[in-house]
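Asks:
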Amino acid sequence: MKNIYDYTQSELESFIQPSFRAKQIYHWLYVQYLQDFDLMHNLPKDLKAILKQEYRISHLEIIRVETSSDGTKKYLFKTQDGHSFESVFIKMRDKKLDDNGKVIEGEKYTFCVSSQIGCKVGCAFCFTAKGGFIRDLSAGEIVEQVVWLKKDNNLLPEKRVNIVYMGMGEPLNNLDNVAKAIRILGELNGLSISARRQTISTSGIAPRIKKLGEMNLGVQLAISLHAVDDVLRTRLIPMNKAYNIQSIIDALRDFPVDARKRIMFEYLVIKDLNDDLKSAKTLLKLLDGIKAKVNLILFNPHEGSEFQRPDMEQVKKFADFLVQRGLLATIRESKGIDISAACGQLREKTLRDVSCETDRIG
Ligand code: SAH
Ligand code: SF4
1 MKNIYDYTQS
11 ELESFIQPSF
21 RAKQIYHWLY
31 VQYLQDFDLM
41 HNLPKDLKAI
51 LKQEYRISHL
61 EIIRVETSSD
71 GTKKYLFKTQ
81 DGHSFESVFI
91 KMRDKKLDDN
101 GKVIEGEKYT
111 FCVSSQIGCK
121 VGCAFCFTAK
131 GGFIRDLSAG
141 EIVEQVVWLK
151 KDNNLLPEKR
161 VNIVYMGMGE
171 PLNNLDNVAK
181 AIRILGELNG
191 LSISARRQTI
201 STSGIAPRIK
211 KLGEMNLGVQ
221 LAISLHAVDD
231 VLRTRLIPMN
241 KAYNIQSIID
251 ALRDFPVDAR
261 KRIMFEYLVI
271 KDLNDDLKSA
281 KTLLKLLDGI
291 KAKVNLILFN
301 PHEGSEFQRP
311 DMEQVKKFAD
321 FLVQRGLLAT
331 IRESKGIDIS
341 AACGQLREKT
351 LRDVSCETDR
361 IG
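Here the sequence shown is numbered in the UniProt record's numbering, starting from 1 and rising by one per residue.
Next comes the structure, spelled out in C-alpha cells:
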C-alpha cells in the first residue's frame, strides 16, 4: 500500500479528483495530524473508501521516548519492516523583541530527523556507524517523524520548527528522498516548514554537494568537517580518501547561500586530537573567503569509543581564537546529554536491552 506522506500536494492533486480534495487531505494530515481517513469529515464517503484501499497513513510506530532533564526527547521509531531508528525533539528558550522593544520569552523547537537506518560512511567516532547500514528511509518516513514530533508534543500547527537532518544516516546518500521530504515539509497547506528552516548535515560527499546546490532547494547546509588535515580527517571519516577537504571546499564555491545565511561547518572537538590552537589557525585559513560559521561540538563518548571528550576550557579557547579573528563560531549546547541524544545511541541501547521500557529518564 502507498504511503500518503510520500506525496507532494500537486502529486495528490493529479491522483485525486477534483483536485481541491488534495488540499483538504493535506490539511487533515499536516495541520490536524489525523491518521485516520474516516475522521476526515469533509471528504465524501466513496473517496474515503478509495483512499483507504490505496493508501496507508502511518508507517511508523513510536516504541520508546526518553525525556532528558532539559526537556530534550529522544524518540525511537519502528518501521513496517521491523527496523528501528531515532529522532530527537529539542526545545530551547528563545527571546524576541516585540513591536515596542519589550523582550518576550518564547520557545524554539528543533527536530533532529534521520534520513537512513544506519549509515554506510562509517565514521570512527559515530555510534550509528557501528550498526552498519540497513536501508534508506523513504520520503514519507522522513516526513512522518516530523508529524509525530509535532503531534506527540501537542505543538500548535502554526508553531515554527526547524528541521536538521542530523539524526541517523548520511542525507546525501539518500538525496532524492531527502529532497522530496524537504518539499513536502515545505508545502504551504501542510506543515509549511520552509527550506530555509531545514538544514542538511553532510560528511562531505563532494559531487552530491554540487548536485544539491544545482537542485536549488533553498535548504541550509552544514558540513561535518571535524579535522583540518586530510590524514586526521581520513582517520575520522574514511570517505575523506575519496573526497578530501579541498574537494569539499571546491564543491561549495557555487553552492547557493541565502543572503542572510552562512554555510555551517561542524567541528567535532576531540581531546588531544584536534582541539589545539594550531588546528584553529588552519581552520581559519581554510575557510577564508567562504560565508562560513563554525559550530564546535564536544565529542560525546559512548561505550567502547577510542576518543575522549575535550575540556570545555580548551573548546572555549578554540572558539575565542576564531571569533577574535572575525570567524563566527559557537559551541553547540549539549542537549539531552543524560539520554545520549547524539547520533545513533538510543537504537543500539534498545536493541541490546529490548525489555527496557523506560518512558521517562531524568
Ligand atoms: N551523516 C551526517 C548527518 C548525521 S550525523 C553527518 O555526518 O553530518 C550528525 C552529527 O552528529 C555530525 O555532525 C556528527 O559529527 C555528530 N556526531 C556523531 N557522533 C557523535 C558523537 N559521538 N558525539 C558528538 N557528536 C557526534
Ligand atoms: Fe554516518 Fe554521519 Fe555517523 Fe558519519 S557521523 S557515520 S556520516 S551518520
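In this text, a Cβ means the ideal position worked out from N, Cα and C, and glycines have one as well.
Treat the numbers as computed from the prediction; the structure is a model and nothing was measured.
Should the stretch 40-55 be called in touch with the stretch 17-29, which here means at least 3 C-beta pairs below 8 Å?
Replies: The answer is yes - the stretch 17-29 touches the stretch 40-55, with three or more Cβ pairs under 8 Å.
Asks: Report the rounded CA-to-CA distance for Glu-13 versus Gly-140, giving the unit in angstroms.
Replies: Approximately 17 Å, taken between the alpha carbons.
Asks: Pick out every residue whose C-beta is nearer than 5 Å to a heavy atom of the ligand SF4: which are they, in chain order?
Replies: Matched residues: Cys-119, Val-121, Cys-123, Cys-126, Thr-128, Ala-129, Glu-170 and Ser-203.
Asks: Nearest by alpha-carbon distance to Val-257: which of Val-294, Asn-216, Ala-227 and His-59 is it?
Replies: When each option's Cα is compared against that of Val-257, the closest is Asn-216.
Asks: Quick check on the DSSP output: the beta strand (DSSP E) that includes Glu-61 runs from which residue to which?
Replies: Where Glu-61 is concerned, the enclosing beta strand (DSSP E) stretches over 61-67.
Asks: Kindly indicate the opening and closing residues of the alpha helix (DSSP H) around Ser-192.
Replies: Unbroken run through Ser-192: none, as it is neither H nor E.
Asks: Curious, which full-length beta strand (DSSP E) runs of at least 3 residues does the stretch 247-329 contain?
Replies: Taking only runs of at least 3 residues, the beta strand (DSSP E) segments lying wholly in the stretch 247-329 are 263-269 and 292-298.
Asks: So, do the stretch 167-178 and the stretch 103-119 have three or more beta carbon pairs nearer to each other than 8 Å?
Replies: These segments touch.
Asks: If you draw a straight line from the alpha carbon of Val-269 to that of Leu-191, how long is it in whole angstroms?
Replies: If you take the alpha carbons of Val-269 and Leu-191, they lie about 35 Å apart.
Asks: Please return the same chain residues whose Cβ sits closer than 6 Å to the Cβ of Pro-238, not counting the five positions on each side in sequence.
Replies: Once the five neighbours on either side are set aside, the close Cβ partners of Pro-238 are Gly-122.
Asks: Do the stretch 223-230 and the stretch 173-187 touch if we need at least three Cβ pairs shorter than 8 Å?
Replies: Output reads no: the stretch 173-187 does not touch the stretch 223-230.
Asks: In angstroms, rounded to a whole number, what distance separates the CA positions of Gln-198 and Leu-221?
Replies: Using only the alpha carbons, I get a separation of about 9 Å.
Asks: Does the stretch 136-150 come within contact of the stretch 98-108, defined as at least 3 CB pairs closer than 8 Å?
Replies: Flag = no, the stretch 136-150 and the stretch 98-108 do not touch.
Asks: With distances taken Cα to Cα, identify the nearest neighbour of Ala-179 among Arg-208, Leu-155, Gly-204 and Leu-156.
Replies: Ranking the options by Cα distance to Ala-179, first place goes to Arg-208.
Asks: Could you tell me how far apart the beta carbons of Thr-110 and Val-164 are, in whole angstroms, since I believe they sit closer than 8 Å?
Replies: Indeed, because the Cβ distance is near 6 Å, the residues count as touching under 8 Å.
Asks: Note down the Cα distance separating Ala-242 from Gly-204, rounded to an integer number of angstroms.
Replies: In a straight line, the C-alpha of Ala-242 is about 10 Å away from that of Gly-204.
Asks: Suppose the cutoff is 8 Å on Cβ atoms and the five residues either side in sequence are ignored; what does the same chain contact list for Asp-250 look like?
Replies: Around Asp-250: Ala-206.
Asks: Return the chain-ordered ranges of every alpha helix (DSSP H) run that is complete within the stretch 118-159 and spans a minimum of 4 residues.
Replies: Runs found: 127-130 and 139-152.
Asks: Between Phe-318 and Phe-307, is the Cβ-Cβ spacing less than 9 Å?
Replies: Result no, Cβ atoms of Phe-318 and Phe-307 do not sit closer than 9 Å.
Asks: Between which two residues does the alpha helix (DSSP H) harbouring Ile-50 extend?
Replies: Its alpha helix (DSSP H) spans residues 45-54.
Asks: Pull up the CB-CB distance for Leu-287 and Phe-265, whole angstroms please, since I reckon it's below 8 Å.
Replies: Yes, they are in contact, since the Cβ atoms of Leu-287 and Phe-265 sit about 7 Å apart, within 8 Å.
Asks: Whole angstroms are fine: how far does the CA of Lys-293 sit from the CA of Lys-261?
Replies: Each residue's Cα considered, the two are about 9 Å apart.
Asks: To the nearest angstrom, how far is the alpha carbon of Ser-10 from that of Leu-296?
Replies: Cα to Cα, the separation comes out at about 40 Å.
Asks: Measuring only from the beta carbon, is Tyr-7 closer than 8 Å to any heavy atom that is part of the ligand SAH?
Replies: Outside the cutoff, so no.
Asks: Is Leu-217 helix, strand or coil when you go by DSSP?
Replies: DSSP places Leu-217 in coil when its eight states are reduced to three.
Asks: Leaving out the 5 sequence neighbours to the left and right, which residues in its chain are closer than 7 Å to Leu-284 when beta-carbon positions are compared?
Replies: The answer, listed in chain order, is Leu-322, Arg-325 and Leu-327.
Asks: With distances taken from CA atoms, which of Ser-201, Leu-212, Asn-174 and Gly-218 is nearest Ala-195?
Replies: Nearest C-alpha to Ala-195: Gly-218.
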